[in-house]
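These notes are about the structure you will find just below.
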Amino acid sequence: MSVRNTARRLTALVTAAGLTLALLVPTGPAFADAGFRQWVAGFRSTAVAGGVSGAVYDQSMRGIKPDPVVLEKARTQPEFTAPAWDYFDNRVHDQSVANGKAMARKWKPWLDRIEARFGVDRNILLAIWSMESNYGETLKRDDIMRNVIRSLATLAYGDQKRSKYARTQLIAALKILQTGDIDESHLMGSWAGAMGQTQFIPTSYQRYAVDMDGNGKRDIWNSIPDALATSANLLKKNGWQAGKTWGYEVTIPAGKLPGGAKTIAQWQALGVVRANGKPFRNLTDKATLKVPDGRGGPSFLMIRNFSVIKAYNNADKYALAVGLLADEIAGGTGLVQDWQRPFTKLSFEERQELQKRLSEHGYYDGKFDGKIGDGSKAAIMAYQAKVGLTQDGYPSLEVLKWLRKQ
């Protein structure tokens, strides 16, 4: 429903609902956006028609105002063009592996039950948990977590590109409140409305959420069993093949190879072998060859479960990071052929040290989290400029050694 149509229907709507605009959204300096107030009042009929009770809507929307941080993030989301090594170094590293192994031990009884019920590899679930919220650590960050109702209402009203998505998700989020699975004060998520330990948008929550711990609530925010079981349910319902891997790192022969899906046996006949020298598990599985970093980087044969992981996030890099991290959590040794990284790689602790030393020299004011984002890269470049190094922004051993000398 457009704001223009909402304005024309507002008087009739308010009369029928027995409410006043002032009751829904109080007037005053803090609620100066009249267009947003009108939108909130007008969207009530849409939400009610979608199954949200008037009482839940009124309570959730009372006092609401747009979130400027959400609109800023919506405007500034960059297109992802980072090289392969940059993406994977920030997600598959010694700390994420160590934390995953610790969580595997801590939650083993529940992981046993989840794996038995859904047939999904526990290490894949742990890797998704790591990717989505750093094993829940992201949920503790007030600078990231936002009220889901407010975020979605803001996007529905103020972001034309995401308006349709946000309206659908807002109705779904209100219905989550209506079920009593979570209260509004704890209905927190990302700026775009992804929720909980394993980051489900509201409609996906409605479709897949599981009360694994049996307390009567599907609580993916506070219950790790519920969150991991919900992820397992999503993968199972999208065709996860129990007992099978996601794919294999392989070595490919020189020369051009055909595209498309072929059986493992057919790929093997073309000279494709496992990079670690072990045999393939099932020669009849169909697989697709992918070389995300070109022929100089690692190559992979991806089977069905790789595509199932993409039901979570439809990006090859995401699904590959989940698979690689899961393999290392399970005890694997990592890639045989590393990414084509134009510098000497740092360990996770060394990346934290790099950030700390940059901070001590006045170049960096972010968190010492080992993740090399735009802030860290800008700080590295500023330091490189100061000491006469090539300004590439790489988190390299060379830069760290220079910092250690200072």
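In terms of mature numbering (1 follows the signal peptide of the UniProt record, and there is no 0), the sequence shown is residues -32 to -1, 1 to 374. Backbone N, C-alpha and C define an ideal beta-carbon position, used for all residues, glycine too.
Q) Three-state secondary structure (DSSP) at R272? A) When DSSP states are grouped into helix, strand and coil, R272 belongs to the helix group.
Q | Unbroken beta strand (DSSP E) run spanning A255, endpoints | A | Its beta strand (DSSP E) spans residues 254 to 258.
Q.
For M113, list the residues DSSP reports as bridge partners.
A. Answer by DSSP bridge pairing: none, since M113 is not bridged.
Q | Whether K185 touches V20 by CB criterion (8 Å) | A | Cβ atoms of K185 and V20: not closer than 8 Å.
**Q.** Pairwise C-alpha distance: I192 and T198
**A.** Between T198 and I192, the C-alpha separation is close to 10 Å.
**Q.** Close-in-space but distant-in-sequence residues of the same chain around Q308 (CB under 6 Å, 5 per side omitted)
**A.** Same-chain partners within the cutoff: D261, G264, G265.
Q: Compute the Euclidean distance between the alpha carbons of G226 and Y280, then round it to the nearest angstrom.
A: Note on residue identity: the sequence assigns Pro, not Gly, to residue 226. The straight-line gap separating the alpha-carbon atoms of P226 and Y280 is approximately 28 Å.
Q: Look at the Cβ atom of P34, then the Cβ atom of D1, and state whether they are nearer than 8 Å.
A: Yes; because the gap between Cβ atoms is below 8 Å, this pair is in contact.
Q) Are there 16 or more other CB atoms within 10 angstroms of the CB of T252, so buried, or fewer, so exposed? A) Classification for T252: exposed.
Q) Can we say the segment 158 to 171 touches the segment 110 to 130, given the rule of at least three CB pairs closer than 8 Å? A) Touching, per the Cβ criterion.
Q: Give every residue of the same chain whose Cβ lies closer than 6 Å to the Cβ of D110, excluding the five residues on either side of it in the sequence, and list them in chain order.
A: Closer than 6 Å at the Cβ level, and outside the excluded window around D110, lies no residue.
Q: Compare the beta carbon distance of I232 and L292 with 8 Å and say whether it is the shorter of the two.
A: Result no, Cβ atoms of I232 and L292 do not sit closer than 8 Å.
Q: Taking 8 Å as the cut-off, decide whether the C-beta atoms of K345 and G361 are in contact.
A: The answer is yes: Cβ separation under 8 Å.
Q. For the putative contact between Q27 and S101, defined by C-beta atoms under 8 Å, what is the C-beta separation to the nearest angstrom?
A. Their Cβ separation, rounded to whole angstroms, is 28 Å, which puts Q27 and S101 out of contact at 8 Å.
Q) Near W53, what residues of its chain come up, given a Cβ to Cβ distance below 6 Å and the 5 sequence neighbours on each side ignored? A) Only W307, R309 meet the Cβ criterion.
Q. From this set, A210, N206, L155, E217, which residue's C-alpha is nearest N190's C-alpha?
A. Looking at the Cα atoms, L155 is the closest of the given residues.
(Q) Less than 8 Å between the beta carbons of A229 and A195, yes or no? (A) Not a contact, by the Cβ cut-off of 8 Å.
Q. By DSSP, does F163 sit in helix, in strand, or in coil?
A. First, the amino acid is wrong: residue 163 is Met here, not Phe. In the structure shown, M163 adopts extended strand secondary structure according to DSSP, grouped into three states.
**Q.** Alpha-carbon spacing of Y55 relative to V241, whole angstroms
**A.** Our two residues, Y55 and V241, have alpha carbons roughly 26 Å apart in a direct line.
(Q) Please identify the residue among L138, M349, F248 whose C-alpha is closest to the C-alpha of V16. (A) Closest option to V16, Cα to Cα, is L138.
Q. What separation, rounded to the nearest whole angstrom, lies between the Cα atoms of D57 and D333?
A. If you draw a straight line from the Cα of D57 to the Cα of D333, it is about 21 Å long.
Q. Within the chosen definition, does the segment 319 to 329 reach the segment 69 to 78 through at least 3 CB pairs nearer than 8 Å?
A. Not touching, per the Cβ criterion.
Q | Per-residue DSSP class, three states only, for M156 | A | Strand, per DSSP.
(Q) Can you tell me where the alpha helix (DSSP H) holding E100 begins and where it ends? (A) That run of the alpha helix (DSSP H) goes 90 to 101.
(Q) Between T171 and A140, how many whole angstroms is the CB-CB distance? I'm expecting something under 8 Å. (A) So it is a contact: roughly 5 Å between Cβ atoms.
Q: Taking only the alpha-carbon atoms, compute the straight-line gap between I169 and G223 and give it to the nearest angstrom.
A: Cα to Cα, the separation comes out at about 44 Å.
Q.
Quick check on this structure: which residue in L79, A347, D62, E328 has the alpha carbon closest to the alpha carbon of M180?
A. Closest by alpha carbon: L79.
Q) Residues in its own chain within less than 6 Å of V259 by CB, not counting five upstream and five downstream? A) Excluding positions up to five away in sequence, the list reads S267.
Q: Measure from the alpha carbon of P247 to the alpha carbon of each residue in N273, E217, L257, then state which is nearest.
A: Among N273, E217, L257, the Cα nearest to that of P247 is on E217.
Q.
Just verifying my parser: in three-state terms, what is the DSSP assignment at Y216?
A. Here Y216 carries a strand assignment [DSSP, helix/strand/coil].
Q: For the alpha helix (DSSP H) containing T106, list its first residue and its last residue.
A: Careful: T106 lies outside any alpha helix (DSSP H) and carries neither H nor E.
Q: May I ask which residues mark the beginning and end of the alpha helix (DSSP H) holding Q128?
A: Unbroken run through Q128: none, as it is neither H nor E.
(Q) Helix, strand or coil for L(-9)? Go by DSSP, reduced to three states. (A) Here the model assigns L(-9) a pLDDT of 38, short of 50, so the residue's position is not dependable, and the following value carries that caveat. L(-9) falls in the helix class under three-state DSSP.
Q: Can you say whether E40 is buried or exposed, counting buried as having 16 or more other CB atoms within 10 angstroms of its CB?
A: So E40 ends up on the exposed side.
**Q.** Contact under 8 Å by Cβ, V60 with M29
**A.** No, the Cβ-Cβ distance between V60 and M29 is not below 8 Å.
**Q.** Given E296 as reference, the closest of G338, T213, T147, R249 once Cα atoms are compared
**A.** T213 is the residue among G338, T213, T147, R249 whose C-alpha sits nearest the C-alpha of E296.
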